[in-house]
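In this note's numbering, each residue's number is its place in the sequence shown (first place is 1) plus 248. To keep things clear, I will list the structure first and then write my remarks on it.
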Amino acid sequence: MSSIKVKLKEADLNKIKEICKSFDNKEGELINVLHKTQEHFGYLPAEVQEAVAQELKMSVAKVYGVVTFYSFFTMLPKGKHPISICTGTACYVRGADNVLQEFKRQLDIEVGETTKDGKFSLSCLRCVGACGLAPVVLVGDKTFGRVSPDGVKEILEQYKD
Numbered sequence: 249m250s251s252i253k254v255k256l257k258e259a260d261l262n263k264i265k266e267i268c269k270s271f272d273n274k275e276g277e278l279i280n281v282l283h284k285t286q287e288h289f290g291y292l293p294a295e296v297q298e299a300v301a302q303e304l305k306m307s308v309a310k311v312y313g314v315v316t317f318y319s320f321f322t323m324l325p326k327g328k329h330p331i332s333i334c335t336g337t338a339c340y341v342r343g344a345d346n347v348l349q350e351f352k353r354q355l356d357i358e359v360g361e362t363t364k365d366g367k368f369s370l371s372c373l374r375c376v377g378a379c380g381l382a383p384v385v386l387v388g389d390k391t392f393g394r395v396s397p398d399g400v401k402e403i404l405e406q407y408k409d
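Here it is in structure tokens:
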């Protein structure tokens, strides 16, 4: 997984310190700290991970290990409208791969990438627990059920801002 090099401003470092302090700078709170930090920054580039490691007095390797283990965390910025295609069994059997291919075609990006204008990013996830609506697509926190490749354009139209 690649990462983007960013230069942290003093305000960013102070925000990381504030988040870590809100969890008493405890190593055992790493996942909570990372959730809050990603909520603030949108992603967890290496420089942010280094600052978290320093505040929690732990190795950067341990922080990186957690960030790369859990699929919720990302080291790349997401688009304004992150799109996630469920590829769990029910969704896959009902054509999620065809829906994914259509999103890739229309957005001209691959899974894990963000469109040049920063509007959309594309990812897959295992199961959203809405198997009766398969195949399921999430755009941000909005759920679209029974999506067909023909419905992809209609979904994207809703986010043309």
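Glycine residues also receive a C-beta, built at the ideal position from the N, C-alpha and C atoms. Predicted, not measured: the structure shown is a model, and the values here were computed from it.
Between which two residues does the beta strand (DSSP E) containing residue i stretch?
{"i": "C375", "result": "No beta strand (DSSP E) contains C375, which DSSP labels as neither H nor E."}
{"i": "F392", "result": "K390 to F392"}
{"i": "S332", "result": "H329 to C334"}
So, under 8 Å CB-CB, residue i and residue j are touching, yes? Tell me the CB distance rounded to an integer number of Å.
{"i": "F289", "j": "I331", "result": "Incorrect: roughly 20 Å between the Cβ atoms, too far for contact."}
{"i": "G327", "j": "G366", "result": "6 Å"}
{"i": "K291", "j": "L261", "result": "The sequence shown places Tyr at residue 291, not Lys. With 8 Å as the limit, Y291 and L261 do not qualify as a contact, their Cβ atoms being about 16 Å apart."}
{"i": "I264", "j": "V314", "result": "With a Cβ gap of about 15 Å, I264 and V314 do not count as contacting."}
{"i": "V384", "j": "I403", "result": "No, V384 and I403 are not in contact; Cβ-Cβ is about 12 Å, not under 8 Å."}
{"i": "S371", "j": "G360", "result": "6 Å"}
{"i": "I333", "j": "V347", "result": "6 Å"}
{"i": "V400", "j": "F351", "result": "6 Å"}
Using CA atoms only, rank isn't needed, just tell me which of the options is closest to residue i.
{"i": "K257", "options": "V296, T337, Q349 and I267", "result": "V296"}
{"i": "A344", "options": "R394, C268, S307 and V308", "result": "R394"}
{"i": "A378", "options": "K408, I267 and Y340", "result": "Y340"}
{"i": "T285", "options": "I357, V311 and S371", "result": "V311"}
{"i": "P293", "options": "F321, C268, P397 and L404", "result": "F321"}
{"i": "E405", "options": "V384, C268 and L355", "result": "L355"}
{"i": "V376", "options": "L370, T391 and C268", "result": "T391"}
{"i": "F317", "options": "L348, L278 and V347", "result": "L278"}
{"i": "P397", "options": "K408, L282, A382 and D409", "result": "A382"}
{"i": "G276", "options": "M306, R342 and K408", "result": "M306"}
{"i": "Q302", "options": "E287, H329 and N273", "result": "N273"}
{"i": "E287", "options": "I267, T362 and R342", "result": "I267"}
{"i": "H329", "options": "K364, L282, V281 and R342", "result": "K364"}
Just reading off the alpha helix (DSSP H) that residue i is part of, what are its end residues?
{"i": "I267", "result": "E258 to S270"}
{"i": "T285", "result": "L278 to F289"}
{"i": "L348", "result": "A344 to L355"}
{"i": "V218", "result": "Residue numbering for the chain in the displayed model covers 249 to 409; residue 218 lies beyond these limits and cannot be assessed."}
{"i": "K310", "result": "V308 to F317"}
{"i": "Y340", "result": "T337 to V341"}
{"i": "E405", "result": "V400 to E405"}
{"i": "E295", "result": "A294 to E303"}
Return yes when at least one heavy atom of the ligand FMN lies under 7 Å from the C-beta of residue i, else no.
{"i": "F368", "result": "Inclusion of the ligand FMN in the displayed structure is not the case, the ligand content being empty and no account of it being possible."}
Name, in chain order, the residues that DSSP records as bridge partners for residue i.
{"i": "T362", "result": "S369"}
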